[in-house]
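Under UniProt numbering, the sequence shown has 364 at position 364, and the numbering climbs by one with no breaks. Here is the structure we will look at, set down as structure tokens.
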Amino acid sequence: MTPRIVVTPTRALIDQPLQLSAYDLMPKQSVTIKVQTTDDTGAIFEASALYEANQDGNLHLASTAPLSGSYKGIDAEGLVWSMERIGKKHGDYFNKQNAEPLTYSFTLEDSSGKLLDTAHVHRKFYDDTVKRVPVHEAELVGTLFHPDTVQAFPGVLVVGGSDGGANEHAAALLAMKGYSVLSLAYFGTEGVSKDLENIPLEYFQKATLWLKAHDAVDNTVSLIGYSRGGELALLLASTYDEYQSVIAGAPGAYVTSGLRNTIYAPIPAWTQQNAPLPYLKFTYTAKHFLNIGKSILTRKPFSFLPIWSVSQAKATDLDAIRIPVEQVNAPLLTIAGEKDECWPSADYARMVQHELHGKRTDNKHLYYDEGGHFLAFPYGLPGMPTSTYMHVGGGMIMDFGGTKKGNADAARETWRYVQDFLFEHTKKTSLHYS
Numbered sequence: 001m002t003p004r005i006v007v008t009p010t011r012a013l014i015d016q017p018l019q020l021s022a023y024d025l026m027p028k029q030s031v032t033i034k035v036q037t038t039d040d041t042g043a044i045f046e047a048s049a050l051y052e053a054n055q056d057g058n059l060h061l062a063s064t065a066p067l068s069g070s071y072k073g074i075d076a077e078g079l080v081w082s083m084e085r086i087g088k089k090h091g092d093y094f095n096k097q098n099a100e101p102l103t104y105s106f107t108l109e110d111s112s113g114k115l116l117d118t119a120h121v122h123r124k125f126y127d128d129t130v131k132r133v134p135v136h137e138a139e140l141v142g143t144l145f146h147p148d149t150v151q152a153f154p155g156v157l158v159v160g161g162s163d164g165g166a167n168e169h170a171a172a173l174l175a176m177k178g179y180s181v182l183s184l185a186y187f188g189t190e191g192v193s194k195d196l197e198n199i200p201l202e203y204f205q206k207a208t209l210w211l212k213a214h215d216a217v218d219n220t221v222s223l224i225g226y227s228r229g230g231e232l233a234l235l236l237a238s239t240y241d242e243y244q245s246v247i248a249g250a251p252g253a254y255v256t257s258g259l260r261n262t263i264y265a266p267i268p269a270w271t272q273q274n275a276p277l278p279y280l281k282f283t284y285t286a287k288h289f290l291n292i293g294k295s296i297l298t299r300k301p302f303s304f305l306p307i308w309s310v311s312q313a314k315a316t317d318l319d320a321i322r323i324p325v326e327q328v329n330a331p332l333l334t335i336a337g338e339k340d341e342c343w344p345s346a347d348y349a350r351m352v353q354h355e356l357h358g359k360r361t362d363n364k365h366l367y368y369d370e371g372g373h374f375l376a377f378p379y380g381l382p383g384m385p386t387s388t389y390m391h392v393g394g395g396m397i398m399d400f401g402g403t404k405k406g407n408a409d410a411a412r413e414t415w416r417y418v419q420d421f422l423f424e425h426t427k428k429t430s431l432h433y434s
């Protein structure tokens, strides 16, 4: 009989679990399974592992740990989340913002490297039950995804982080669960500011009111932000009483400085009523520049935590730049990884939790011991490669922290928490929710 590799389902949403098996092998035969995919930039990501078939000549990844390879332990989707960019010493960031499907190509090889079989699966973020609507009106830039029916659904505004653009893929997936989701761009793409600099809070207020009034929305809007978007979500929710619920992933606790050409600069990120908001100045020392230089020379990933520590220590009035989260009048979910190396999001989340202690009983705060920066919606989704490093040019590699497994486990769990939290606080019923 001819050896076969079977991956199911062959076409499904990205968050639907994969099942991978191999059949008709020799008893106890050693085989290698590889998988490849590409991100939005065309970069190729790959993982592989060596397995041993059972006595019947079959192999099921849901019950079999690899002998060696890209991941350890039993995990049906271990090959997927452990993919790394080919040719990069420390892997790389998996760049995904558009809502186009991902194709995962699997190969089955014997111990000599002979190809035995192939399989391809297509992982979608939405289907024809959801409508995609580009938004270029009322000075807003983004994309609205909503169920393609006459029914109105709870609205969700999604704002991303320091990479700019809009997270269309995540918004589309959330729309499949029965929401009308606006993925809003606020810098780094056509029609909005080039840099994260002097962005008016009124822009987001306008987007919130526009979404709330849309025919596809039931007059409620929840807010989801991540990283710099998590900082922004807390800032917006403490400024405007417009949100049904708020989710802040890898959040900040302070208003921080803007970015110019993706680099922190002594410029305000946000304004309100045409006035710049005070911010935490990103402070480099000679030691930091020396360590960055060493990192480039040794190709060792660089953590920004020491710079944040010095920046906070040198700030003259931290209370003036602290986000007044005690003014948030909506249920709040924060999500953070204890091993975040981009900024101390777990410490910031604990600050937020402390400020809100006793204020209301429906807030939730999640912490993940092995989680880094990219561990939750919209940057960490189940069924996708995880990211712990990013090659940012000039030989510099940013360390975003956590382990690939820690981020993958957190992505799977937090995706359920995000859905449950939204469901609880929008009190909706939907056939899409499962």
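From the three backbone atoms N, C-alpha and C, an ideal C-beta is built for every residue, glycine too.
Distance between beta carbons of residue j and residue i, contact taken as under 8 Å
i       : j       : result
Asn-407 : Gly-371 : 6 Å
Gly-165 : Ala-152 : Wrong, their Cβ atoms sit about 28 Å apart, outside the cutoff.
Pro-331 : Ser-245 : 5 Å
Leu-318 : Tyr-279 : That pair is no contact at about 11 Å.
Ala-47  : Leu-67  : That belief does not hold up - the Cβ atoms of Ala-47 and Leu-67 are roughly 15 Å apart, past 8 Å.
Pro-3   : Leu-108 : 6 Å
Pro-324 : Ser-238 : 5 Å
Ile-397 : Ser-295 : 7 Å
Cutoff 7 Å: residue i Cβ touching any chain C Cβ
i       : result
Arg-260 : Although the question refers to chain C, the structure presented lacks it and comprises just one protein chain.
Rounded straight-line distance, which links the Cα of residue j to that of residue i
i       : j       : result
Phe-423 : Leu-290 : 49 Å
Ala-250 : Ala-346 : 7 Å
Ala-53  : Val-31  : 8 Å
Ser-112 : Thr-386 : 30 Å
His-214 : Val-192 : 22 Å
Leu-182 : Phe-145 : 6 Å
Gly-394 : Lys-281 : 24 Å
Thr-285 : Ser-303 : 14 Å
Gly-188 : Lys-194 : 5 Å
Tyr-367 : Glu-137 : 38 Å
Gly-160 : Pro-27  : 49 Å
Ala-233 : Glu-168 : 18 Å
Pro-266 : Thr-143 : 31 Å
Lys-124 : Ala-336 : 27 Å
Ala-216 : Gly-178 : 11 Å
Pro-147 : Met-176 : 7 Å
Ala-119 : Met-390 : 29 Å
Leu-277 : Leu-223 : 21 Å
Leu-431 : Tyr-126 : With a pLDDT of 39 at Leu-431, under the threshold of 50, the predicted position of this residue should be treated as unreliable, though the coordinate-derived value follows. For Leu-431 and Tyr-126, the distance between alpha carbons rounds to 15 Å.
His-373 : Phe-45  : 20 Å
Ile-292 : Ile-307 : 11 Å
His-365 : Gln-272 : 28 Å
Ala-376 : Arg-350 : 17 Å
Heavy atom of the ligand HEM within 6 Å of residue i beta-carbon
i       : result
Ala-346 : Only the bare structure without any ligand can be found here, which leaves the ligand HEM out of the picture.
Helix, strand or coil at residue i [DSSP, three-state]
i       : result
Asn-291 : helix
Asp-15  : coil
Tyr-433 : With a pLDDT of 37 at Tyr-433, under the threshold of 50, the predicted position of this residue should be treated as unreliable, though the coordinate-derived value follows. Correct three-state label for Tyr-433: coil.
Met-26  : coil
Met-351 : helix
Asp-340 : strand
Asp-218 : strand
Glu-137 : strand
Gly-401 : strand
Gly-380 : coil
Ile-5   : strand
Leu-375 : coil
Ser-21  : strand
Arg-412 : helix
Val-333 : Reading off the sequence shown, one finds Leu at residue 333, where the question assumed Val. Strand.
Gly-225 : strand
Gly-393 : strand
Thr-426 : helix
Thr-239 : helix
Tyr-368 : strand
Val-328 : coil
Gly-69  : strand
Val-418 : helix
Gly-142 : strand
Leu-211 : helix
Leu-234 : helix
**Prompt:** Between the stretch 97–104 and the stretch 388–407, do at least 3 Cβ pairs fall closer than 8 Å?
**Reply:** no
**Message:** Count Cβ pairs between the stretch 79–97 and the stretch 5–15 that sit closer than 8 Å; are there 3 or more?
**Reply:** no
**Request:** With a floor of 3 residues, list each beta strand (DSSP E) that falls wholly inside the stretch 71–124, ordered by position along the chain.
**Result:** 102–109, 115–124
**Prompt:** What beta strand (DSSP E) runs, 3 residues minimum, are completely inside the stretch 155–208?
**Reply:** 180–184
**Message:** At 3 residues or longer, what runs of the beta strand (DSSP E) sit wholly inside the stretch 241–315?
**Reply:** 246–249, 257–260, 263–268, 270–272
**Asked** Can you list, in chain order, the stretches of the beta strand (DSSP E) that have 3 or more residues and sit fully within the stretch 31–55?
**Response** 44–52
**Prompt:** How do the stretch 27–43 and the stretch 92–101 stand: do at least 3 beta-carbon pairs fall below 8 Å, yes or no?
**Reply:** yes
**Asked** Is it true that the stretch 167–179 meets the stretch 194–214, where meeting means three or more beta-carbon pairs spaced less than 8 Å apart?
**Response** no
**Item:** the stretch 57–64 / the stretch 113–128 touching (three or more Cβ pairs under 8 Å)
**Value:** no
**Item:** the stretch 252–263 contacting the stretch 222–241, beta-carbon criterion three pairs below 8 Å
**Value:** Using a Cβ-Cβ distance cut-off of 8 Å, the stretch 252–263 and the stretch 222–241 are in contact, since at least three pairs of beta carbons, one from each stretch, lie closer than that value.
**Prompt:** Are the stretch 292–299 and the stretch 323–339 in contact at 8 Å, needing three or more beta carbon pairs?
**Reply:** Flag = no, the stretch 292–299 and the stretch 323–339 do not touch.
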